[in-house]
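In our numbering, the protein residues as written are 22 to 450. Working notes for the structure below.
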Amino acid sequence: MHDIRAIRENPAAFDAGLARRGLPGMSAELLAADAARRANILAAETAQAAQNVASKEAGSAKSAGNAAEFERLRGLVGEKKAEIALLNDAASVEDARLRDMLMRIPNLPMAEVPVGADETGNVEVRRWGTPRLMDFAPREHFEIAGVKPGMDFATAAKLSGARFVVLKGAVARLQRALAQMMLDVHTSEHGLTETWAPVLVKDDAMEGTDKLPKFAEDSYQTTNGWWLIPTSEVTLTYSVAGDILDAGALPIRMTAHSQCFRSEAGSAGKDTSGMLRQHQFEKVEMVSITTPETSLAEHDRMTRCAEAILERLGLPYRTIVLCTGDMGFGATKTHDLEVWLPGQNTYREISSVSVCGDFQARRMNARFKVPGGKPEFVHTLNGSGLAVGRCLIAVVENGQQADGSVDLPAALYPYLGGKTRISAAGALE
RNA sequence: GGAGAGGUGGCAGAGUGGUCGAAUGCGGCGGUCUCGAAAACCGUUGUCGGUUUGCGCCGACCCAGGGUUCGAAUCCCUGUCUCUCCGCCA
Numbered sequence: 022m023h024d025i026r027a028i029r030e031n032p033a034a035f036d037a038g039l040a041r042r043g044l045p046g047m048s049a050e051l052l053a054a055d056a057a058r059r060a061n062i063l064a065a066e067t068a069q070a071a072q073n074v075a076s077k078e079a080g081s082a083k084s085a086g087n088a089a090e091f092e093r094l095r096g097l098v099g100e101k102k103a104e105i106a107l108l109n110d111a112a113s114v115e116d117a118r119l120r121d122m123l124m125r126i127p128n129l130p131m132a133e134v135p136v137g138a139d140e141t142g143n144v145e146v147r148r149w150g151t152p153r154l155m156d157f158a159p160r161e162h163f164e165i166a167g168v169k170p171g172m173d174f175a176t177a178a179k180l181s182g183a184r185f186v187v188l189k190g191a192v193a194r195l196q197r198a199l200a201q202m203m204l205d206v207h208t209s210e211h212g213l214t215e216t217w218a219p220v221l222v223k224d225d226a227m228e229g230t231d232k233l234p235k236f237a238e239d240s241y242q243t244t245n246g247w248w249l250i251p252t253s254e255v256t257l258t259y260s261v262a263g264d265i266l267d268a269g270a271l272p273i274r275m276t277a278h279s280q281c282f283r284s285e286a287g288s289a290g291k292d293t294s295g296m297l298r299q300h301q302f303e304k305v306e307m308v309s310i311t312t313p314e315t316s317l318a319e320h321d322r323m324t325r326c327a328e329a330i331l332e333r334l335g336l337p338y339r340t341i342v343l344c345t346g347d348m349g350f351g352a353t354k355t356h357d358l359e360v361w362l363p364g365q366n367t368y369r370e371i372s373s374v375s376v377c378g379d380f381q382a383r384r385m386n387a388r389f390k391v392p393g394g395k396p397e398f399v400h401t402l403n404g405s406g407l408a409v410g411r412c413l414i415a416v417v418e419n420g421q422q423a424d425g426s427v428d429l430p431a432a433l434y435p436y437l438g439g440k441t442r443i444s445a446a447g448a449l450e
C-alpha cells in the first residue's frame, strides 16, 4: 500500500512512477479523496470535543444539584451525539474509499527496472548451463515412457477434475526428494530457517501480502472464510505483521515447503497438458525481512539461493529482470528464473524473486527499530526456491534418454536411496 | 462439542461508572554520586490520527465490534484469542 503522505508531498513523482508501469496518473483523485477524508475528520473531531466539554459540565451540574442546567446540557450532548454519528459515518466512508483506492494501486518499480509494456520488455541478465544435445526428438514430461506410469492425470480428473495430477512410485518419490533437497540446501547452506505454517489463512494475511482485495478470484476460499494460500509467501511474510522487530534481529530469512492453491482464473487454455500449471502444487518458498538499506543486496542473495538449486541439479537456466509492465502487483523489482525444458524447446519460469520494499510492510504494519530510534517499516522479499512440480518436470525432461528412461541428477541420489535413474518401465533403479 | 476463567502500557500487576492514558513494581532513557562501575537517590519514559510556521492544541486507543449512560478500562451484547476441566479425535 502506498503512503498517502508521500503522495501528498510529491504527487508528480507518484504519477511518474505509475506512468513507468504504464498506468494513468491517480494522484489528483487520491488527493481529492484525502482532502475529503481530512475535512470529515476535522468536523467530527471538533464536534466530539464539544460533546466532551458538555459532558463534563453536565457532570459538574449534576453533582452541584443544578437539575435545570444538567437537563440543558444533557440535551446539548444528545444533539452533538447525533451530529457526530453522521460526521463519523461520512468520515469512515471517505477513509474506506481512500484506503480501498490505495490498496488497489500496484507498487512502483525501482529506477533501475527496465521500462516495458509486457514480457517482451524483460531483460536477460545471465544464462547458466548448456542444454544437452539429444540425438532424438525430446519429449514433454508427460510423454516420457519412464514417467508415464507415475504421472496419472486420469485418476486426478476422477478425483478433482482438470489441472490436478496424481503422482505414483518413482515420480512421487522424485518430487519428495526434490523438496527435501531444496530445504536442506537452504537451511544448511543458505542460512534460512525452516518453517512450517498453516495453508488456511484469514483475510488479513492475504490483504497484508497484497493477494486481496484485487486478486480474490485467483485464490480459493473455504465456506467459513479461510483462504487457501496461493504461496507460503503469505504465511512467512505475514508472520511479522504488527511486530516492531529489533534491528539486530534482521535480516530474518525463512523457508517453507508447502502446498499452494491457485484457481488459475484467466489461464484457460494455457498449459493444459502435463503438470506445468495445476490448481494444487508444491513449492519451496523463501522470504526475507530486512532493513531498507539491505533489501536490494538481499534480493541478489535470494536470487542466488534459487539459482544454486538449479545449478546443483544441472538444469540450464536463464535469469531475467522483469520490465515494469510485467512485474507483479507488490514488487519493486523482480528476477525470474527460467529453466530449460527440452520438450517445449524453451525456457519456462520456475522461480520468481521479488523485493517489495515497504509496500507489504505498510499494509501489515511490520516495523523494526534501532535502540533509541523510531520504528520504521521493514522491507520484505519473497522468492520461489523452487517450484517443486516444475522442477520435477525440468529434471525428467532434461534427463530423458532415447529409450524413455530418465537419468537423474547426482545431487538427488542421497534422497533416492542411492538410486540414479528411472527405467523406461517407470522403476527407480 | 460441553463447562468455567481470563485478555490493561516493553514486562508484571492495580483499577469495577466521572478529574484514568491509566496506581505501583520491574525494565528503558537522562542525571546526581564515583577514578570508573555497582548500589542509592532524582527526573523521565506508549501508539496512531487531525491541526499549527512553531510552542502547542484537539481526537482516538485498556483484545475487536456494537450497545446502555450526561459520562465506560469499569455495565450489557456479539465476536475473537488464551488458559483449566470434560468429551471426541490424526
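For every residue, glycine included, the Cβ atom is placed at its ideal position computed from N, Cα and C. In this text, all values refer to a predicted model and were calculated from it rather than measured experimentally.
Range covered by the beta strand (DSSP E) that runs through TYR368: 367–376
Exposure of MET203, with buried meaning 16 or more beta-carbon neighbours within 10 Å: buried
Residues sharing a beta bridge with VAL427, DSSP: GLN421 and ILE443
Whole-angstrom distance between ILE273 and THR214, CA atom to CA atom: 8 Å
Rounded separation between ALA54 and LEU119 - CA only: 6 Å
Burial state of ALA106, where buried means 16 or more other Cβ atoms lie within 10 Å: exposed
Residues of its chain near ALA82, where Cβ-Cβ distance is below 7 Å and the 5 sequence neighbours each way are ignored: GLU90, PHE91 and LEU94
Residues bridged to LYS354 (per DSSP): VAL376
Ranges of the beta strand (DSSP E) found wholly within the region 122–152, counting only runs of at least 3: 144–149
Bridge partners - PHE163, DSSP secondary structure assignment: For PHE163, which the question treats as bridged, DSSP gives no partner whatsoever.
Element boundaries [alpha helix (DSSP H), containing SER209]: 190–209
Euclidean distance between Cα positions of GLY182 and LEU51: 44 Å
Paired residues, beta bridge with TYR241 - DSSP: LEU249
6 Å CB neighbourhood of ALA57 in its chain, flanking five on each side removed: GLU115
Identity of the residue in LEU249, ALA88, ALA64 and TRP149 nearest ALA111 by Cα: ALA64
MET307 versus GLU254, PRO135, VAL416 and PHE35, residue with shortest Cα-Cα distance: GLU254
Cβ-based burial, LEU180 [other Cβ within 10 Å; buried from 16]: exposed
Buried/exposed call for LYS354, threshold 16 Cβ in 10 Å: buried
Residues that CYS281 bridges to, as DSSP identifies them: PHE302
At least 3 beta-carbon pairs within less than 8 Å: the region 162–170 vs the region 415–434: yes
Residue burial classification, ARG147 (beta-carbon count within 10 angstroms, cutoff 16): exposed
Secondary structure of HIS400, DSSP reduced to three states: strand
Selected residue, minimal CA-CA separation from ARG339, among ARG194, ASP36, VAL360 and GLY269: VAL360
Contact the region 391–409 vs the region 288–295: 3+ CB pairs below 8 Å: no
Heavy atom of the ligand HEM within 7 Å of PRO363 beta-carbon: The ligand HEM is not part of this structure, which contains no ligands at all.
CA nearest to the CA of MET22, picked from ALA193, ASP173, LYS235 and ASN31: LYS235
Which of helix, strand or coil DSSP assigns to ALA54: helix
Opposing strand residues paired with LYS390 [DSSP bridges]: ASP267
Distance between ALA198 and GLN280 (C-alpha atoms, nearest Å): 15 Å
Cβ neighbour criterion (16 or more within 10 Å) applied to ALA132: exposed
Pairwise C-alpha distance: GLN301 and PHE282: 5 Å
Continuous beta strand (DSSP E) stretch holding TYR338: start and end: 338–342
Helix, strand or coil at ASP225 according to DSSP, with G and I counted as helix: helix
Range covered by the beta strand (DSSP E) that runs through THR230: Looking at the DSSP string, THR230 is not in any beta strand (DSSP E), and its letter there is neither H nor E.
Alpha carbon of THR258 to alpha carbon of GLU319, nearest angstrom: 15 Å
Per-residue burial, ALA79 [other beta carbons within 10 Å of its own, 16 or more giving buried]: buried
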